[in-house]
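Sequential numbering from 16 applies to the sequence shown in the working numbering. Where a beta carbon is used, it is the ideal one built from N, C-alpha and C, also for glycine. To start, the structure itself, in structure tokens.
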Amino acid sequence: MADGRRDSNDGNARGRSGSSGRPAPRSSEGRPSRGRPSSERGSGRSSGRPDRTDRNGRPDRAGTDGRRTSSSSARPARKGDWSRPAADQGDRTEQQERYDGPPLPEEITGRELDRSISGQLKGLPDKLALRVARHLAAAGLLIDSDPETAYQHTLAARARASRLAVVREAVGEAAYASGHYTEALAELRAAKRMNGATDYLPIMADCHRALGQPEQALKLAKSPSVARFRPEAKAEMTLVEAGARRDMGQLDAALRTLELAPLQSKSREPWVVRLRYAYADTLEAAGRDTDALAWFHRTHAIDAHDLTDAADRADAIEKRQDAPND
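If you want it as structure tokens, here you go:
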């Protein structure tokens, strides 16, 4: 989902061109304990032996006939005992609701995930892997239309499998898409520590921009690994770098950054469209309307899917130029 910048003024196109299509997770602290705290356990003795507890932490005393008799059947339901019927349960805490995550539609099976992603879940128990996969798949489906809900799905996945890089990556991408930039940085850094991947650098750099740290964005843009990026990823980093220069009021430097990109490429891929749009937008910001008009037209010429408003921007400049001078 290294999909480009946060607003069209930085030269990004409308819409998102997700790179991974995958969702995101949360921490492996596990579901809150259902057992009763040790301070609440009975202190009595039976037949001279200390009380035992069953697997739910309840007293499990041995009867006079030597058989254990659990006291759970006679005990009233307690708030937080989620093995009880729904009518007897108390309200979920914020932590528990985050663990549960948004409802999972029955039609989402987890098989929607790319094999490269689902393969990384094979180390988990089958039932756990299935739940994580379904949350990740749901997040991937919602990332464009409802990024906040997608983010919540990834938190639910992280709650169950926080040690998997693919899960932390998904959380970071969904956090970025939903505007949680501090969280996105933290999660993508964690993923990078786990797998050493540098694919996240453009998103991380743009998070720094969103947080008012353009200098940090430029540092990431100058990372040696950027030179080995694929054209699409390299274009994303170019857009972020140019945007950071604009944030710092360095329009000339932003133009130079974009001029080093393949603006003249004959490709009609979205990343070329967005590079041209960013260049035209920056030219207009620098007061070079004639050049900006030409590049808005060049952008529109290859924008078959209307990713940008290049045609409208060109019309606005032409009207401005045709208007009589007062």
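State the start and end residues of the unbroken alpha helix (DSSP H) segment that holds residue i.
i, result
"I317", "D304 to I317"
"V186", "A180 to A192"
"Y215", "Looking at the DSSP string, Y215 is not in any alpha helix (DSSP H), and its letter there is neither H nor E."
"G227", "Careful: G227 lies outside any alpha helix (DSSP H) and carries neither H nor E."
"E121", "No alpha helix (DSSP H) holds E121; DSSP gives it neither H nor E."
"E284", "First-last for E284: undefined, no H or E at that position."
"T272", "L266 to E274"
"V147", "D141 to L157"
"A338", "Run containing A338: none; DSSP gives neither H nor E here."
How many Å lie between residue i and residue j at the Cα?
i, j, result
"R208", "E184", "11 Å"
"S131", "G138", "13 Å"
"D96", "R146", "Its pLDDT being 47, under 50, D96 is placed unreliably by the model, and the measurement read from it follows with that caveat. So the alpha carbons of these two residues sit roughly 21 Å apart."
"E299", "S177", "45 Å"
"F244", "D141", "35 Å"
"D161", "P339", "46 Å"
"Y215", "I123", "27 Å"
"S86", "L200", "Annotation note: pLDDT 39 at S86 (below 50); position unreliable, coordinate value reported separately. Distance between the alpha carbons of S86 and L200: 49 Å."
"A261", "D304", "Residue identity differs from the one stated: residue 261 is Arg in this sequence, not Ala. About 17 Å."
"Q167", "G116", "6 Å"
"L151", "L308", "43 Å"
"P120", "R173", "19 Å"
"V288", "V241", "20 Å"
"R149", "R204", "24 Å"
"N210", "C222", "20 Å"
With burial defined as no fewer than 16 other Cβ atoms inside 10 Å of the residue's Cβ, what is the status of residue i: buried or exposed?
i, result
"R335", "exposed"
"P217", "buried"
"Q279", "exposed"
"E188", "buried"
"G63", "Any reading at G63 must be qualified, since the residue scores a pLDDT of 39, below 50, and its modelled position is unreliable; no value is offered."
"T197", "exposed"
"E251", "buried"
"V282", "The sequence as given places Ser at residue 282; Val does not occur at that position. S282 should be labelled exposed."
According to DSSP, is residue i part of a helix, a strand, or is it coil?
i, result
"D252", "The sequence shown places Met at residue 252, not Asp. Correct three-state label for M252: helix."
"R175", "helix"
"M219", "helix"
"H349", "This structure leaves residue 349 out entirely; the chain is present only between 16 and 341."
Please check the pair residue i and residue j, which I expect to be a contact at CB under 8 Å, by giving their CB distance rounded to whole angstroms.
i, j, result
"A293", "A257", "6 Å"
"T253", "L290", "7 Å"
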